[in-house]
Amino acid sequence: MILIYIIIMKPNYFLVSVSNRENLNLCISHALAGFTNSINGLWTFYEINEGDYISFLYAARAHNLYQVIKKEAINNADKISPWKSVTFKMSGKTYYFPFRLKLKPIREFNEPLVRNEFSYVAENLLLRGGYRKTHFQGDQTTLQNVSQMGKIYKKEIEDFDSGSDDFIPKFTRKRNNVDNPRVFLFSEIILQTLIRHYLSENDNMKKFLEKIKINELKANNLEILGEKALPEGHIDLLIKEAVPIGLSRNIIIEVKLGKATEKDFQQLKNYIEEFGEECLRGVLIANDFSSKLKDKFNEIAKVKYSLEDFDSEPKSFSELSKKLKLEDFKG
0 MILIYIIIMK PNYFLVSVSN RENLNLCISH ALAGFTNSIN GLWTFYEINE
50 GDYISFLYAA RAHNLYQVIK KEAINNADKI SPWKSVTFKM SGKTYYFPFR
100 LKLKPIREFN EPLVRNEFSY VAENLLLRGG YRKTHFQGDQ TTLQNVSQMG
150 KIYKKEIEDF DSGSDDFIPK FTRKRNNVDN PRVFLFSEII LQTLIRHYLS
200 ENDNMKKFLE KIKINELKAN NLEILGEKAL PEGHIDLLIK EAVPIGLSRN
250 IIIEVKLGKA TEKDFQQLKN YIEEFGEECL RGVLIANDFS SKLKDKFNEI
300 AKVKYSLEDF DSEPKSFSEL SKKLKLEDFK G
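The letter at position 28 of the sequence shown is residue 27 when you use numbering that gives the first Met the number 0, and the numbering goes up by one with no holes.
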């Protein structure tokens, strides 16, 4: 008897920031999203999966609903339209768009973010003070709402074929291996995304809830979201009930690339207090913890991450996803 296991992940919804009207028009006319040859551009590229949904965000308005049908990182993107490369005078750095999403238009709309339906994203945007962030993740309620906005998209799309071959971006822990845009230095935001994708799988979420001793929540009723803004700052990951009834219970997670410090624990403790009694647990995920903190901050779960054999050579996001492990910190 052969058993086949299928991992079903709920599609996520993102608003993708666009820098100017010209680029927005190009994105819409070609049903294409592009991200720069920077760590933030690559971060956004890996935050969003095929099958996820996006809208474009420009001038405090959300434009259209699309489903991601293909992801590609293309060679020679600095010489390939549709978007123009940008060189900043102060730094002398040139940015272009090698990381791209091919999109299927679903719905047509042009809606202000002040609508109540965008409250989750709008609050994040307001508290962060602007558009410096490349993307904002909405929750399942936001996705349900935008799926009813406007009308079905019927306009013609001008298909854009780059004519270029693809490459697989990689990450390294050694600065001398960096080769933009093919190899980037591994950073905390990429680790956050690895953990978010890992916990988006139902079985992994179940094991995680057992590790942190949470019995009140069921894994298949939850969603995990990136960066939630608060007046004091922002938490890295938020686990929340996708459809809260009566109570809106959640778990907040801080992620540290290296060793966690007492300051990290205190910051997370402040966030827990700000969330209030509906926050069931705070979790600190780090590469290691100081032994003197083993018996301190008992209200915070301590989880150690590892990426086996990562130091040897650059690894792709897919390879790192397979190597990621989350274990209880034993001290």
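By construction, the Cβ of each residue, glycine as well, lies at the ideal position given by its N, Cα and C atoms.
Answer with buried or exposed for residue i, where buried requires no fewer than 16 other C-beta atoms within 10 angstroms of its C-beta.
i, result
"E187", "exposed"
"S54", "buried"
"F34", "buried"
"F166", "exposed"
"N214", "exposed"
"V120", "buried"
"M89", "exposed"
"F87", "exposed"
"A285", "buried"
"R174", "exposed"
"T93", "exposed"
State the Cα-Cα distance for the pair residue i and residue j, rounded to the nearest angstrom.
i, j, result
"F296", "K262", "11 Å"
"Y65", "L25", "15 Å"
"D202", "K69", "26 Å"
"K321", "R195", "13 Å"
"P81", "N36", "15 Å"
"E226", "L237", "7 Å"
"Q139", "Y12", "7 Å"
"D310", "E318", "13 Å"
"R20", "P111", "16 Å"
"L267", "I151", "43 Å"
Quick one: residues in its chain with C-beta nearer than 6 Å to the C-beta of residue i, no 5 flanking neighbours on either side, listed in chain order?
i, result
"T171", "V182, P313"
"Y45", "T192, F316"
"S305", "K324"
"N123", "F135, A228"
Please state if the CB of residue j and the CB of residue i are separated by a distance shorter than 9 Å.
i, j, result
"K291", "F328", "no"
"E107", "G149", "yes"
"L142", "I38", "no"
Ordered along the chain, which non-local residues of its own chain (more than five positions away) have a Cβ less than 8 Å from that of residue i?
i, result
"A72", "F44, P97, F98, R99, D165, F166, I167, P168, P180"
"N269", "E231"
Ordered along the chain, which non-local residues of its own chain (more than five positions away) have a Cβ less than 7 Å from that of residue i?
i, result
"Y130", "Reliability of the predicted coordinates at Y130 is poor, the pLDDT of 47 falling under 50, and no value is obtained from them."
"P235", "According to the sequence shown, residue 235 is Asp rather than Pro. Correct list, in chain order: Q191, E226, I252, E253, V254."
"N176", "V182, P313"
"F159", "H29, L31, P81"
"E277", "L246, S247, R248, N249"
Could one say the Cβ of residue i lies closer than 9 Å to chain C's Cβ atoms, at least one of them?
i, result
"N286", "Given the protein chain composition of this structure (a single chain), no chain C is represented."
task = With a floor of 3 residues, list each beta strand (DSSP E) that falls wholly inside the stretch 244–268, ordered by position along the chain.
result = 249–254
key: Any beta strand (DSSP E) of 3 or more consecutive residues that is wholly inside the stretch 173–201   = 182–184
request  = Counting only runs of 3+ residues fully inside the stretch 102–178, write out the beta strand (DSSP E) ranges in chain order.
outcome  = 134–137, 169–171
Whole beta strand (DSSP E) elements within the stretch 40–85, 3-residue minimum = 52–57, 60–72
key: 3 or more residues per run - each beta strand (DSSP E) lying fully within the stretch 12–39   = 12–16, 31–34
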